[in-house]
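Residue numbers (my numbering), protein chains in the order written: chain A, 78 to 305; chain B, 78 to 305; chain C, 269 to 498; chain D, 2 to 357; chain E, 2 to 357.
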Amino acid sequence: MLSPDDLTALWVTLKLAAVSTVLLIVLATPLAWWLSQTRARGRVLVEAVVTLPLVLPPTVLGFYLLLLLGPKGPVGAVLEDIGIGHLAFSFSGLVVGSMIYSLPFVVQPLQNAFAATGTRLLEVAATLRASPLDRFLTVALPLARRGYFTAAVLAFAHTLGEFGVIIMLGGNIPGETRVASIAIYNHVEALDYGSAHALALTLVVFSLVLLTLVYALNRRGQSVGVPR
Amino acid sequence: MLSPDDLTALWVTLKLAAVSTVLLIVLATPLAWWLSQTRARGRVLVEAVVTLPLVLPPTVLGFYLLLLLGPKGPVGAVLEDIGIGHLAFSFSGLVVGSMIYSLPFVVQPLQNAFAATGTRLLEVAATLRASPLDRFLTVALPLARRGYFTAAVLAFAHTLGEFGVIIMLGGNIPGETRVASIAIYNHVEALDYGSAHALALTLVVFSLVLLTLVYALNRRGQSVGVPR
Amino acid sequence: DIRVAVAANFTATLEALAAVYEPASGNRLVVSPGATGALYSQIANAAPFDVLLAADELRPRKLIDQGMAVAGTEFVYARGIPVLWSPQPDLIDEEASVLRSGRFRYLAIAEPRTAPYGAAARSVLEALALWDTLERRQQLVRGSSVAQTHSQVAGGAADLGFVALAQVQTAEGIPGSYWIPPPELYAPLTQGAVLLSSARARSAARHFLRWLQTDAEAAAIIEAAGYRRD
Amino acid sequence: MSIDARFCLQRGEFHLDVDVTLPGEGVTAVFGASGAGKSTLLRCVAGLERAAQGVLSVNGEVWQREGLFLPVHRRPLGVVFQESSLFPHLTGAGNLRFGLQRTPIGERCVDWDEVVQLLGIAPLLPRYPDSLSGGERQRIALARALLASPQLLLLDEPLAALDEARKAEILPFLERLRTRFAMPMLYVTHSMREVARLADYLVLLEGGRVRAQGPVQEMLSRLDLSLAAADDAGVVIDAVVAEHDAQWHLSRLSFPGGSLWVSRCAEPPGERLRCRVLARDVSLTRERNEQSSIVNLVAAEVVELAPAASPAHVMVRLDAQGTPLLARITRQSQARIAVQPGECFWLQIKSVALLR
Amino acid sequence: MSIDARFCLQRGEFHLDVDVTLPGEGVTAVFGASGAGKSTLLRCVAGLERAAQGVLSVNGEVWQREGLFLPVHRRPLGVVFQESSLFPHLTGAGNLRFGLQRTPIGERCVDWDEVVQLLGIAPLLPRYPDSLSGGERQRIALARALLASPQLLLLDEPLAALDEARKAEILPFLERLRTRFAMPMLYVTHSMREVARLADYLVLLEGGRVRAQGPVQEMLSRLDLSLAAADDAGVVIDAVVAEHDAQWHLSRLSFPGGSLWVSRCAEPPGERLRCRVLARDVSLTRERNEQSSIVNLVAAEVVELAPAASPAHVMVRLDAQGTPLLARITRQSQARIAVQPGECFWLQIKSVALLR
Ligand SMILES: Nc1ncnc2c1ncn2[C@@H]1O[C@H](COP(=O)(O)OP(=O)(O)OP(=O)(O)O)[C@@H](O)[C@H]1O
Ligand SMILES: Nc1ncnc2c1ncn2[C@@H]1O[C@H](COP(=O)(O)OP(=O)(O)OP(=O)(O)O)[C@@H](O)[C@H]1O
Ligand SMILES: [Mg+2]
Ligand SMILES: [Mg+2]
């Protein structure tokens, strides 16, 4: 039912979602932590900026990212100069785009989770000789499990369905930047509803199974040792 | 700099974002609460389904919503029959679409916030004669403040930047379903980049100011009486 | 009011037309741009439009077949002209030899399956026996519409691309460098208009279509915008 | 008037299996080692353990039985939890109002000002819980439970976090609650003093089961329970105010077996009172000694001897015309002055704690 | 060897202003009413109150002063907080290991098995905190702090949630820690008994300030402090084991002013020991009474009289050849047997608590 192109697109989609989710979680952690701990006045501005990727339509965001990351863009040109190459129309570019696009969904749950943990247990850890990094890793992180779970699920799912940023920034190159969402869109536009339904259904069923599994695992994990 | 049409589009955008955020928060609350409290096996499936709107590309989601809510669709036809009228190409349709689209961003933070509150304080409230509804309203809700704040911000911002669902389901009708993101799209399609930039900038600056304000207010609110 | 669903690439031209038509007729055009495929889906689901100005002839015909549009009201209101274009002044010469040389990183086209200009671009590249090579080297980037393709090229992310002449033509000519492929290399980009069934009885809609089809001033505006009218 | 409770509950390794009938008024102390199941029992009574199989009726009203489970908020009770559990989003006053507002006006029987003054929490009212000290939090929690005018008060070590002075102030208030509002209480504590002071009835839990139960007077004078081995073992005596001595600020209490001088009390002659005599405050002597600072002498007969916690001591149970008394003396003294069942002695009572 | 601490801190209305020099070994009790600032002082010492202006040096090492602030995790201390604060994501054993693992092997001086056995927490180790009772949680917290082998132990009412039996078991362990590992402790408590039992030094806080401080023996015998008004006021006497009496399981302790018979202790003759004599256990008599169960008689001279908490009593401070003693007697007895400064009496001591 699914064409080889569609399968390739699915594969690219999964790869993109996985890579950008992992990277985003790692990179957003210090930001979310800082936001949850600081009393600095500038915090609110940073929080607002983090939310901004949401307010632009994805295609428009993609357009500006293209300007920014493309060969003529300020970031792209610098990358070009240092030999990495600009990011337009490449998988790495998509990863960057997806990360920016999903940033708010990751930072917010993490920040909330860190804030909800409070200071008491971190103080306790400090009195037990844990350094700041140590107590972050061994106390704050495990207690923020729920937040990490939510962040990962939202970022992953959001990247699966991403379209606007990707088509603009990625250029829909088969095998490299053509993801499932673009393939479905094209099927719909080409009035090939059969293929569209098939691919959409595959994506939905796959996601449903994956999400159900993940939620079930998470639930089992929660039954012990999570703060009430 | 902005044409009257653009201003109208901005207004529709704000209205849409505000209405769907409020409705969504209200409607998602019982769902999030149930998810946070239940031990039922079916919970994980519901959680997965709630996340599904994310995994389809917005245009495709809009397409299916059009099939569902349009005059020939199962839901639309029923609405038609009972005299409400189908939901395609109307503001109410957009509200429904936006709500479905933003559902995961609202349910997840609320559910986390409810779960983080734990049972102890609800038990205390019960011993102080608070009925289940009462303790939900007077204990669980206020303690989930942070979650509500996050949910509202994400849903609002997400709706501001929504495009795919809206263009498909709403149909780009000026004054009714043409929101800012679509107006920007129109400008870009007409190669009127100047107007597109102006409108995008307006949207971003407006959002930045609004979000900063909201975050600042929220921060002030948090300095007293929030669990550590 | 006449509610016009228009292929996004024609939006700007339609606005120029409206500026002439509205004062003359007293009717107002309510314009809803969109991708032709999306407009088709919407009309099939009872979108409140009177007239469709599509980017191809296929979708109007299908609507007629399904009874969603009025048979006999369809006509070609414009023919698009694809152009290989780059904002760089000397990238493209008369023979478009840059295509063969491969001295570029990305060539942008619209998605051939859904955008007529994309299909034309593909035909041209196939006629030049370049399609497979470029595809294999992953040098082809596809926009979901020709407008996106234009953005990608204009912004410099792609070095050159097949766009619509209407997109690059200005009163002062065409900036940068360009090549207009000979018409025999691609199937004509006929854009069809049709009256939708829901507007069967709306004389204003019929009036607008007739004006668009026959008025000389309208034809002039369309041609000036970069389309042909034969 | 009684509280009938029967509960079965499994929690991991721990099994609670309790079947008791408690007096429906006054204070019932729940006593037992850490982990004995005291908090769990209170949770069952409160209705917080839905899983518990059980029957519970409080003064005739059935709160729980097969097929019936009155939800927590329908049970007119007040609970003070072992760990502070104030609402962090409400000020002290907000916490206090929480229960008060939900109590029908007709059922309110505890006065705001009285509670606030008594617990010394007026300056705490505008503050949020996270700026309060441990003891301050506990006082707010106590006030909050009281202001809901409960018909049954469940207290889980409510005074553990308080200093002695504060405890001494609050105890009479709890007593007053019981007498004035006839508010029965289940009171978990580790303190013998609080038991003697407050409780009428005592339930001794061990490993989730009831080891013994009975009126406090009887329980405290039993030599077979761990209670008698405690350092502060002693008996509780119900007495009547006989006379006041204005000059020396003393009052004489009489009980069937004799009389005791205590610090002057407020009650008029004829009023019933309770006092506590610790086993270690009682010494036995063959002759009256008038030239001693000890003012209280009671004649009693030795009933029973039992080993005390330390091998150097014995516990002596005595009978003063029906009133049981305990004395803890060294084995050496026992031999020296021949303390044997049936012998009569003067009991020198160094100190008598007036309980109410 | 001393702990020098000077702190200033404002928290809302509350102002902590403390400047003390405490012994660098042994146990210093921090005593004071609820809200007096005990927990806040401990937080300052731990380095948890960054806002606190202050100077702190512990046995020569400067932890804090102008321009220097050793972060908490660099301070080799252990803290047991007033409210349970176990890591909910770790089992009991995981909680215990947390501090242990972060202690350099060379600095470890507390044995896992010993602590686990003593606190009776072996069955709790595999369990998560939310299934533990209040007292069980507190024991885990205590063990966790100990296993980090701190050089200074801060304890905020660590035993408040425990039953008497458990307290009695844990106290000697805390004593042992102090002697064996020379682990100085700051110990917040509301219990006079724990103070007498454990503390060498006492700091009395009132409203954020130090009201008085000094060695426990001296502090407890002062009539000008609120300590003497407490129901369990009494003195601590440093004594030497004089002889054992195997037959009666007794030991005689001698101190400059006389000697006392107590339950047989383990220490050999010649060893120093400490015992506690409560004011209310002491009665005054003009003549020796041999036919009494009271075995301890000490001659002493009245030094000073002061009102007691109740108007019926007076506190009498006596001197037994240099050893201060307190007695609480009724005013009536005072008049009857003419207790006046300068007069000599036999003190009948009903009960002596052996402290260590
Ligand atoms: N979920 C659980 N799983 C296993 N054991 C549990 C669970 N919940 C409670 N327990 C055990 O039940 C016993 C009784 O607990 P409870 O809290 O009633 O004790 P308690 O008498 O109040 O003790 P404390 O004086 O320390 O507060 C404890 O031994 C505790 O470890
Ligand atoms: N953030 C704050 N704002 C205002 N007052 C505060 C704040 N934090 C603490 N306090 C006050 O500081 C005082 C000292 O608190 P602390 O916790 O040190 O008392 P404590 O002596 O430990 O009392 P307890 O025996 O009840 O635990 C209390 O009166 C408390 O109300
Ligand atoms: Mg308990
Ligand atoms: Mg404290």
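Just so you know, even glycine gets a beta-carbon here, dropped at the ideal spot from N, CA and C.
If we ignore side chains and look at the alpha-carbon of each, how far apart do Leu-367(C) and Ser-471(C) end up?
Mapped onto the third sequence, residue 367(C) falls at position 99. Mapped onto the third sequence, residue 471(C) falls at position 203. Rounded to the nearest angstrom, the two C-alpha atoms are 50 Å apart.
Closer than 8 Å by beta-carbon distance: list the chain B residues that pair up with Pro-316(C), in chain order.
Within the third sequence, the letter at position 48 stands for residue 316(C). Here the neighbours are Phe-166, Gly-248, Ile-250.
Beta carbons nearer than 8 Å to chain A: which residues of the region 406 to 432 of chain C have them?
Gln-406, Leu-408, Val-409, Arg-410, Gly-411, Ser-412, Gln-416, Ser-419, Gln-420, Gly-423, Gly-424, Ala-425, Ala-426
Between the region 235 to 246 of chain A and the region 93 to 105 of chain A, can you find at least three pairs of beta-carbon atoms closer than 8 Å?
yes
Residues of chain A with a CB under 7 Å from the CB of Val-80(E): which are they?
As a working mapping, residue 80(E) is identified with position 79 in the fifth sequence. The contacting residues are Thr-204.
Just to check my reading of the structure: Val-217(D) and Leu-203(D) have Cβ atoms closer than 8 Å, yes? What is that Cβ distance to the nearest angstrom?
One-based indexing of the fourth sequence puts residue 217(D) at position 216. One-based indexing of the fourth sequence puts residue 203(D) at position 202. Indeed, because the Cβ distance is near 5 Å, the residues count as touching under 8 Å.
Is it the case that the CB of Gln-83(E) approaches a heavy atom of ligand 4 more closely than 7 Å?
Working through the fifth sequence from its first residue, we reach residue 83(E) at position 82. Answer for Gln-83(E): yes, Cβ within range of ligand 4.
Own chain partners of Ser-300(B) with C-beta closer than 8 Å, once the 5 adjacent residues on each side are dropped
Counted from its first residue, the second sequence places residue 300(B) at position 223. With a pLDDT of 49 at Ser-300(B), under the threshold of 50, the predicted position of this residue should be treated as unreliable, though the coordinate-derived value follows. Taken in chain order, the list of residues that qualify is empty.
Pull up the DSSP beta-bridge partners for Ile-410(C), would you.
As a working note, residue 410(C) is residue 142 in the third sequence. According to the sequence provided, residue 410(C) is Arg. The question's Ile does not apply to it. Arg-410(C) is bridged to Ile-377(C).
Identify whether Val-303(A) lies in helix, strand or coil by the three-state DSSP scheme.
Numbered from its first residue, the first sequence carries residue 303(A) at position 226. Confidence at Val-303(A) is low in this model, with a pLDDT of 39, below 50, so the placement of that residue should be treated as unreliable; the coordinate-derived value is given next. Val-303(A): coil per DSSP, three-state reduction.
Status (buried if at least 16 other CB within 10 Å, exposed otherwise) for Gln-341(E)
By 1-based counting over the fifth sequence, the position of residue 341(E) is 340. Per the 10 Å Cβ criterion, exposed.
Span of the alpha helix (DSSP H) holding Ile-244(A)?
Counting from 1 along the first sequence, the entry for residue 244(A) is found at position 167. 241 to 247 is the span of the alpha helix (DSSP H), which, as asked, contains Ile-244(A).
Any heavy atom of ligand 3 closer than 7 Å to the CB of Gly-170(A)?
Residue numbering aside, residue 170(A) sits at position 93 when the first sequence is read from its first letter. No, ligand 3 has no heavy atom inside 7 Å of this Cβ.
Restricting to Cα atoms, I'd like to know which of Pro-257(D), Val-353(D), Gly-136(D) is closest to Gly-235(D).
Translated into positions along the fourth sequence, residue 235(D) becomes position 234. When only C-alpha atoms are compared, the closest one is Val-353(D).
Spatial distance of Gly-258(D) from Ala-240(D) (CA atoms)
Taking the fourth sequence and counting its residues from 1, the one referred to as residue 258(D) is at position 257. Taking the fourth sequence and counting its residues from 1, the one referred to as residue 240(D) is at position 239. Each residue's alpha carbon lies about 10 Å from the other.
As assigned by DSSP and simplified to three states, the class of Thr-289(B):
To locate residue 289(B), count along the second sequence from 1; it is residue 212. Of the three classes helix, strand and coil, the one that applies to Thr-289(B) here is helix, per DSSP.
beta-carbon Lys-39(D) near ligand 3 non-hydrogen atom, thresh 7 Å
Position 38 of the fourth sequence, counted from the first residue, corresponds to residue 39(D). Yes, ligand 3 has a heavy atom inside 7 Å of this Cβ.
For a test of the three-state rule: what should DSSP assign to Arg-296(C), helix, strand or coil?
By 1-based counting over the third sequence, the position of residue 296(C) is 28. Arg-296(C): coil per DSSP, three-state reduction.
Check: Leu-287(B) C-beta below 7 Å from any heavy atom of ligand 6
This structure does not include ligand 6; its bound ligands are ligand 1, ligand 2, ligand 3 and ligand 4.
Compute the minimum distance between the beta carbon of Arg-12(D) and the heavy atoms of ligand 1, and state whether it is under 7 Å.
Reading the fourth sequence from its first residue, position 11 is the one you call residue 12(D). At least one heavy atom of ligand 1 is nearer than 7 Å to the Cβ of Arg-12(D), so yes.
Under 6 Å Cβ to Cβ from Met-220(E), same chain only, skipping five residues before and after it: list those, please.
Residue numbering aside, residue 220(E) sits at position 219 when the fifth sequence is read from its first letter. Same-chain partners within the cutoff: Leu-203.
Any chance you could list the beta strand (DSSP E) runs of at least 3 consecutive residues sitting entirely within the region 217 to 273 of chain D, in chain order?
235 to 246, 251 to 256, 259 to 264
From the DSSP output, read off the bridge partner residues of Gly-79(D).
By 1-based counting over the fourth sequence, the position of residue 79(D) is 78. Beta-bridge pairing links Gly-79(D) to Leu-154(D).
Using a Cβ-Cβ cut-off of 8 Å, state whether Arg-238(B) counts as contacting chain A.
Locating residue 238(B) in the second sequence gives position 161, where the first residue counts as 1. The amino acid at residue 238(B) is misidentified as Arg; the sequence shows Gly. True, the Cβ-Cβ gap to chain A drops below 8 Å.
What's the C-alpha gap between Glu-362(C) and Ser-445(C)?
Taking the third sequence and counting its residues from 1, the one referred to as residue 362(C) is at position 94. Taking the third sequence and counting its residues from 1, the one referred to as residue 445(C) is at position 177. Approximately 9 Å, taken between the alpha carbons.
In terms of residue numbering, what span does the beta strand (DSSP E) encompassing Asp-20(D) cover?
By one-based count along the fourth sequence, residue 20(D) stands at place 19. Its beta strand (DSSP E) spans residues 15 to 24.
Pairwise C-alpha distance: Tyr-292(A) and Val-264(A)
Reading the first sequence from its first residue, position 187 is the one you call residue 264(A). Reading the first sequence from its first residue, position 215 is the one you call residue 292(A). One detail in the question is off: residue 264(A) reads as His in this sequence, not Val. One C-alpha to the other measures close to 31 Å.
With distances taken between CB atoms, is the gap from Ala-273(A) to His-74(E) smaller than 8 Å?
Here residue 273(A) refers to the residue found at position 196 of the first sequence. Here residue 74(E) refers to the residue found at position 73 of the fifth sequence. Going by C-beta atoms, Ala-273(A) is not nearer than 8 Å to His-74(E).
According to DSSP, is Cys-345(E) helix, strand or coil?
Here residue 345(E) is taken as the residue at index 344 of the fifth sequence, counted from 1. Note: Cys-345(E) maps to strand in three-state DSSP.
Please indicate yes or no: does the CB of Leu-228(E) lie closer than 7 Å to some heavy atom of ligand 2?
Start at 1 with the first residue of the fifth sequence, and residue 228(E) comes out as number 227. Not so, every heavy atom of ligand 2 lies at least 7 Å from the Cβ.
Enclosing beta strand (DSSP E) for Asp-320(D) [first to last residue]:
The residue given as residue 320(D) occupies position 319 in the fourth sequence. Segment 314 to 321, the beta strand (DSSP E) holding Asp-320(D).
Closest to Pro-159(E) by C-alpha separation, out of Leu-326(E), Ala-30(E), Ala-313(E), would be which residue?
Here residue 159(E) is taken as the residue at index 158 of the fifth sequence, counted from 1. Measuring from the Cα of Pro-159(E), the nearest candidate turns out to be Ala-30(E).
At a CB-CB cut-off below 8 Å, which residues of chain C make contact with Gly-271(B)?
Translated into the one-based positions of the second sequence, residue 271(B) becomes position 194. Those do not exist, as Gly-271(B) stays about 13 Å from chain C at its closest Cβ, beyond 8 Å.
Less than 6 Å between C-beta atoms, sequence neighbours within five positions excluded: which residues of the same chain meet that for Ala-53(E)?
As a first step, residue 53(E) must be located in the fifth sequence, where it is residue number 52. So the list reads Phe-8, Leu-10, Cys-45, once near-sequence residues are dropped.
Less than 6 Å between C-beta atoms, sequence neighbours within five positions excluded: which residues of the same chain meet that for Leu-226(D)?
Reading the fourth sequence from its first residue, position 225 is the one you call residue 226(D). So the list reads Ala-213, once near-sequence residues are dropped.
Scan the region 180 to 240 of chain B and note each continuous alpha helix (DSSP H) run of 4 residues or more that stays entirely inside, going in chain order.
197 to 204, 209 to 212, 222 to 237
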